[in-house]
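Numbering follows our numbering, in which position 77 of the sequence shown is assigned residue number 112; successive positions increment by one, without gaps. Even for Gly, the Cβ is constructed at its ideal location relative to N, Cα and C.
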Amino acid sequence: MIRIRLPLPQAQPLFDTICSGINSRQGETMSNNLILFGSTLGDTERIARRLAELLPGETRVASVANFRMASLRDFDRIILGTSTWGSGELQDDWEGALGQLSGLDLSGKTVALFGLGDASAYPETFVDGLGILHEAVAQAGALRIGYWPTEGYAFEASRAVIGGRFAGLVLDEAGQSHLTGERLTRWAQDLQASA
Ligand SMILES: Cc1cc2nc3c(=O)[nH]c(=O)nc-3n(C[C@H](O)[C@H](O)[C@H](O)COP(=O)(O)O)c2cc1C
């Protein structure tokens, strides 16, 4: 008899990284934070990891490409990040996850969003992906924090502007990378203040 050995399916890692950011002490009661990102060329991923270092306590950083969306409910505070591609489209890895996200019951969960885009090359669809994520999170019934002023960005239209503010932190690595560090620090502080 010939026996054929089939390889066992590889378990996908649920989380890429667990970061212990500023102010984390052993024994401290820590909230359960997640940063979930979709990134094509690595910009949004890099920002997700920088942000994790700025948040107190333990923060898990994961790509949405291999994340089970139902496990979002396991986290108290959730940060979702995306870039925008095509003409105002959500980053590819979010496509499958978006329907699942809007179908979840995230009432009682706190969600903050961040988006990357390029205002000078795409002024009419600037960070539209962030707006698309916001719509899904609103449908899921989450408490949304981390809205961000539109001052300091030169764009014509954006689906991410909700009631005169951006639906979350907006970063432009192509034209305004010199402002990224300062924006990240301020936003991380804002999130702590809304905790
Ligand atoms: C083909 C292409 C299409 C893009 N479309 C948009 C767009 O519609 N709106 C926008 O704000 N940025 C747009 N961008 C800019 C990206 O969102 C930006 O470069 C981002 O930093 C990429 O992040 P990532 O590497 O995490 O995917 C586009 C970039 C490329 C190359």
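- Query: Which runs of the beta strand (DSSP E), 3 residues or longer, sit entirely within the stretch 87–137?
  - Reply: If we require 3 residues or more, the beta strand (DSSP E) runs fully inside the stretch 87–137 come out as 93–98 and 112–120.
- Item | Residue from Leu115, Thr145, Val96 and Ser106 whose Cα sits closest to the Cα of Ser229 | Translated into the one-based positions of the sequence shown, residue 229 becomes position 194. Ranking the options by Cα distance to Ser229, first place goes to Thr145.
- Message: Taking the alpha carbon of Gly187 as the reference point, which residue from Thr215, Leu90, Arg112 and Gln174 has its own alpha carbon closest?
- Response: Mapped onto the sequence shown, residue 187 falls at position 152. It is Thr215.
- For Tyr182, the nearest candidate out of Ala195, Phe190 and Ser155 (CA to CA): Within the sequence shown, numbered from 1, the residue matching residue 182 stands at position 147. For the residues Ala195, Phe190 and Ser155, the minimum Cα distance to Tyr182 belongs to Ala195.
- Item | C-alpha distance - Ala192 paired with Leu136, whole-angstrom precision | For this step, residue 192 is matched to residue 157 along the sequence shown. For this step, residue 136 is matched to residue 101 along the sequence shown. About 25 angstroms.
- Query: Is it the case that the Cβ atoms of Ser118 and Thr94 are separated by a distance below 8 angstroms?
  - Reply: Position 83 of the sequence shown, counted from the first residue, corresponds to residue 118. Position 59 of the sequence shown, counted from the first residue, corresponds to residue 94. Thr94 is positioned such that its CB atom lies no closer than 8 angstroms to that of Ser118.
- Task: Could you tell me whether the stretch 170–180 touches the stretch 146–158, using the rule of 3 or more Cβ pairs below 8 angstroms?
- Result: Here the stretch 170–180 makes contact with the stretch 146–158; the two share three or more CB pairs at distances below 8 angstroms.
- Query: So, is Gln126 buried or exposed, given that buried needs 16 or more other C-beta atoms within 10 angstroms?
  - Reply: Mapped onto the sequence shown, residue 126 falls at position 91. Its Cβ being crowded by 16 or more others within 10 Å, Gln126 is buried.
- Query: Roughly how many angstroms separate the alpha carbons of Asp163 and Leu226, rounded to a whole number?
  - Reply: Walking along the sequence shown from the start, residue 163 turns up at place 128. Walking along the sequence shown from the start, residue 226 turns up at place 191. For Asp163 and Leu226, the distance between alpha carbons rounds to 22 angstroms.
- For Ala147, the residue or residues it bridges with in DSSP: Here the question's residue 147 lines up with position 112 in the sequence shown. The partner list for Ala147 (beta bridge, DSSP) reads Ile114 and Ile180.
- Could you tell me if Phe72 is buried or exposed, where buried requires 16 or more neighbouring beta carbons within 10 angstroms of its beta carbon? For the purposes of this step, residue 72 is taken as the residue at position 37 of the sequence shown. For Phe72, the number of other beta carbons within 10 angstroms of its own is at least 16, and it is reported as buried.
- Expected contact under 8 angstroms - CB spacing of Ala240 and Ala209 to nearest Å: The requested residue 240 is not part of the displayed model; the chain covers only 36 to 230.
- Contact under 8 angstroms by Cβ, Ile167 with Gly116: The residue given as residue 167 occupies position 132 in the sequence shown. The residue given as residue 116 occupies position 81 in the sequence shown. The answer is no: Cβ separation not under 8 angstroms.
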